[in-house]
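The block underneath contains the structure these notes are about, expressed in C-alpha cells.
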Amino acid sequence: MTIKPLSIRCAQNWPKQASKVRLLCKRISRLSESSLPSVPSHKPIYRSLPLNALPRHLHPLIAQAELLAFDLDGTLIDSVPDLATAVDSMLSDMGRSPAGYDAVRQWVGNGSAALVKRALCQDIRGDQQLSDDDDEFLNAHQLFLQHYQHCKGEKTVCYEGIFTLLDQARTSKIPMVLITNKPYRFVPDILQELQLASYFALVLGGDSLAEKKPSALPLLHACQQLDIPSEKGVMIGDSITDITAGKNAGFTTIAVTYGYDHGKPVQECGADLVVDSLAELVR
Ligand SMILES: O=C(O)COP(=O)(O)O
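All residue numbers for the sequence shown refer to my numbering, where the first residue is 4 and numbers rise by one.
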C-alpha cells in the first residue's frame, strides 16, 4: 500500500474543502449581520478595553520628578516573615526566647545591626544601648546574617500596587534607584527573584557607602551618579528613616502607610504626601 504525502492529499481534497468553508463563512456572516445592531459605517465600535490599555497619568509630584528613589523593606517588599524567622533562629541559637513577628516588624528599617541590637535588648532603643564592638552583639549579628542568607527570601513578597507605579514610571522614562538599609549582599537576589531588578538604574545597600539613611548621603550619591539635581528627586518610603533622608537631601517625600514605621506613625513624619498604595500615584 502506498501512503500519499499529506500535501498531495490536501491539494486533492481542496476544492471540496474550500466549498464547505465558503458555505460556512456565508452562514456565519448572515448570522452575525442579523444578530448585531446596525451601526453607521463611519462610527467606530468601542469595546471594553483592559485597564492597562487606557491612557494613564502620574500624580503631579511624580510626573515632575527626574529621579524616583525607593526604599525596599516595607515599601516595595514585605520581608518581615523572613527577617522574623532569622531573628528568632538567632535568638534560639543563643538560648533566648523568640521575639516574634510583631516585635520584629517594629525593629526593621535601620539595617541589620540595629535590628539585631533591638532583638537582643527586646527594645526599639536597643540600637543605642549596645556598642558595635560588644561581643554578644558581634556573635548574634553573624548568626543573624547566616540565618537570613539561609531563608533565601522564601516568604518575602511584593506589595500590591507597586508594579502599577514602577511600570508607569518606566514608560514615562523617569530614572529609578533603590536605596535600602539592608546589607547589599542580600539585595540583588531578592530583586531578581521578585522581578524588580530591571527597574533600577542604581541599587545601594546600607553598607554600600560610609553612611546610610537617614543620612542624605545615599540619595545625594544617586543624584551625582545620574547627574540629576537633588530638588528634582522624590524619595518614597515607609518610615521616618526614609522621610528624614529625603528631607535631608532636599527631595520631595512620599510616605506609604502599609509598611514598618518603627512605632512612629508615618503620617506624623512630615512627608509631602502620604498614600495607602503606590497605585494611588497613577490614575
Ligand atoms: O533595615 C533593613 O534591613 C531594611 O531597610 P529598608 O527599609 O531601608 O529597606
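Backbone N, C-alpha and C fix where the C-beta goes; we use that ideal spot for every residue, glycine too.
Per DSSP, V237 is one residue of the beta strand (DSSP E) stretching across 236-240. Its chain contains H150, C154, K158 as the residues whose beta carbon lies nearer than 8 Å to that of T88, once the 5 sequence neighbours on both sides are disregarded; these appear in chain order.
Of the other Cβ atoms in all chains shown, 16 or more fall within 10 Å of the Cβ of D81; this residue is therefore buried.
Straight through space, the alpha carbons of L284 and I65 are spaced by roughly 7 Å.
Contact annotation: the region 199-214 does not touch the region 88-101, with fewer than three C-beta pairs closer than 8 Å. Note that the C-beta distance between A258 and V237 is not below 7 Å. Inter-residue distance for E234 and M97 is about 47 Å (C-alpha atoms, whole angstroms).
Pairing N142 with Q152, the inter-Cα distance amounts to about 16 Å. According to the DSSP secondary-structure assignment, D81 is paired through a beta bridge with V160.
Placement of the Cβ of N251 at a distance of 6 Å or more from every heavy atom of ligand 1 is found. Looking at the backbone, the Cα of L61 and that of A106 are separated by about 36 Å. Using a Cβ distance threshold of 7 Å, P217 and T256 do not count as a contacting pair.
Annotation: the region 158-200 contains the following complete segments of the alpha helix (DSSP H) (minimum length 4 residues), in chain order: 165-174, 190-196.
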